[in-house]
Amino acid sequence: MTARIVDGKAIAEDIYSELAAKFASLGRVLKLGIVVVGAHPVIESFVRIKSKAAERLGVEMVRVNVSEKSDAGKIIQAVNRLVTTTDAIIVQLPLPGGIDVNEVLAAVPRDKDVDALNPKISEEERPVHAPVALAVVEILKQSGVTISRARTVVVGAGRLVGAPSAWLLRSLGADVSVFSLEEGSIEDLKEADIVVSGAGNPSFIKPEHIKEGVVLIDAGTSELNKKITGDADPACAEKASLITPVPGGVGPVAVAMIFRNLLTLAVR
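See below:
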């Protein structure tokens with residue numbers, strides 16, 4: 000079996016086409032605030048991708064730069080500056096070491112939290128959900144994958160991928176278990192109909208770890224030999240029925256979901 004390779008860019012293009020008309024009909028320009036701490040090439044690449052998407056949709060990006068030497072209080076001040084002047088706010092991660100990330104993210108109001116990362120708000124209470132989790136579900140639905148009752152293993156329980164993906168898939172009826180690299184056995188993956196991985200551990204999922212015909216959603220991102228790579232070994236494509244490439248799979252769809260979330264928050 001050779002897997003269908005998901006074209007995340009094509010799915011994202013469809014989302015942008017859908018959103019463009021809706022943004023145009025609002026009669027005003029939406030503003031997306033972003034707090035950027037320090038100046039690092041990787042962070043700048045993330046910001047640049049979001050800025051390009053904003054530009055094509057006619058969204059104004061309002062950027063506030065904060066020194067890398069700032070404490071949590073200074074970053075929160077930057078967030079507060081954006082609360083009354085923008086429709087939604089991003090705190091660009093990662094933050095420098097030593098910063099209490101939860102404290103900073105908790106400063107983003109519920110109705111401005113486009114990334115759905117405020118730790119004080121439960122998933123049930125959120126008006127929108129994490130863009131990566133939404134991207135995972137969008138890819139599954141667009142690919143005709145049945146989510147309800149599917150045996151699903153989510154690898155990792157991080158705030159960006161694992162935890163929100165597990166919650167969202169459960170809410171759609173999937174039978175979800177969360178696999179921890181520290182505590183679980185890689186053999187657990189063999190029973191899964193769907194594997195969603197966001198561990199950031201390059202190519203650690205091998206063909207022998209998955210069953211024939213599995214749906215493999217690779218949302219992990221790390222660098223190996225100066226190349227961006229995912230959690231799944233490329234050879235898994237010979238065993239899976241559907242697989243997302245890294246890059247070009249989940250990532251483009253997740254960025255598009257930021258702007259779907261922005262629209263949702265703006266018209267509530």
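Here the sequence shown stands for residues 0 to 267, where the numbers follow numbering that gives the first Met the number 0. From the three backbone atoms N, C-alpha and C, an ideal C-beta is built for every residue, glycine too. For clarity, every value in this text was computed on a predicted model and none was experimentally measured.
When C-beta atoms of the segment 141-150 are compared with those of the segment 117-133, fewer than three pairs fall below 8 angstroms, so the two segments do not count as touching. Residue range 59-65 is occupied by the beta strand (DSSP E) that includes Asn64. Below 8 angstroms, enough C-beta pairs join the segment 118-134 and the segment 88-107 to call them touching: three or more.
Under the three-state reduction of DSSP output, Gly7 falls in the helix class. Non-local C-beta neighbours of Pro201 in its own chain, meaning closer than 6 angstroms and more than five positions away in sequence, comprise Ser221, Leu223, Thr228, ordered along the chain. Put simply, of Pro251, Ile242, Val34, Ile204 the residue whose alpha carbon is nearest the alpha carbon of Gln76 is Val34.
A buried status is given to Lys111, since no fewer than 16 other beta-carbon atoms sit within 10 Å of its beta-carbon. Beta-bridge partners of Ser176 (DSSP): Val152. Fewer than three pairs of CB atoms, one per stretch, sit closer than 8 angstroms, so the segment 155-165 makes no contact with the segment 14-25. Rounded to whole angstroms, Trp166 and Thr85 show a C-alpha spacing of 28 angstroms.
A straight-line Cα-Cα distance of about 44 angstroms links Pro95 and Met0.
Contact annotation: Gly197 and Val252 have beta-carbon atoms that are not nearer than 8 angstroms.
Taking a contact as a CB-CB distance under 8 angstroms, the pair Lys205 and Asp232 counts as one, their CB atoms being some 5 angstroms apart.
The segment 230-250 and the segment 208-219 touch, with three or more beta-carbon pairs separated by less than 8 angstroms. For Glu222, the uninterrupted beta strand (DSSP E) segment begins and ends at 221-223.
Beta-carbon to beta-carbon, Asp174 and Thr145 are separated by about 12 angstroms, too far to satisfy the 8 angstroms threshold.
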